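Comments concern the structure below.
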Amino acid sequence: MNWGAITVFFVIAGVVNLIGLEIVRSIVDRRRKERDGLGGTQDIAIWGVLIGWALLIAALVSGALWLWNR
Numbered sequence: 000m001n002w003g004a005i006t007v008f009f010v011i012a013g014v015v016n017l018i019g020l021e022i023v024r025s026i027v028d029r030r031r032k033e034r035d036g037l038g039g040t041q042d043i044a045i046w047g048v049l050i051g052w053a054l055l056i057a058a059l060v061s062g063a064l065w066l067w068n069r
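Numbering that gives the first Met the number 0 applies: residue 0 is where the sequence shown begins, and numbers increase by one.
The structure is reproduced here in structure tokens:
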């Protein structure tokens with residue numbers, strides 16, 4: 000198994016997660032302000048952070064396996 004490629008994939012997915020999270024938060028915040036008069040995207044931020052941590056842990060595990068199997 001090519002653990003190096005899998006590690007790179009998880010790192011790139013983590014960066015894409017951060018960018019996507021900020022885009023989604025800005026759109027949802029704008030819509031919530033228009034609809035309710037109040038913003039707030041803490042719920043989206045929590046899910047983004049949880050996904051980000053999962054990707055980070057996956058990258059660390061696959062990176063360790065890559066180094067161990069070299």
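Think of the CB as a built atom: it goes at the ideal place given N, C-alpha and C, for glycine as much as any other residue. These numbers were taken from a predicted model, which means no experiment stands behind them.
Close Cβ partners of residue i (< 7 Å) along its chain, the five nearest in sequence each way excluded
i   : result
L55 : G13
Beta carbon proximity, residue i to chain C, threshold 8 Å
i   : result
L66 : Of the chains in the structure shown, none is chain C; there is only one protein chain.
Proximity of residue i and residue j at Cβ, strictly below 8 Å
i   : j   : result
N16 : G38 : no
R24 : A53 : no
W65 : T6  : yes
Same chain, Cβ closer than 8 Å to residue i, neighbours up to 5 away in sequence not counted
i   : result
G51 : G13, N16, L17 and L20
I22 : none
6 Å CB neighbourhood of residue i in its chain, flanking five on each side removed
i   : result
D28 : G38 and T40
With three or more C-beta pairs closer than 8 Å as the rule, is the region 0-7 touching the region 49-68?
yes
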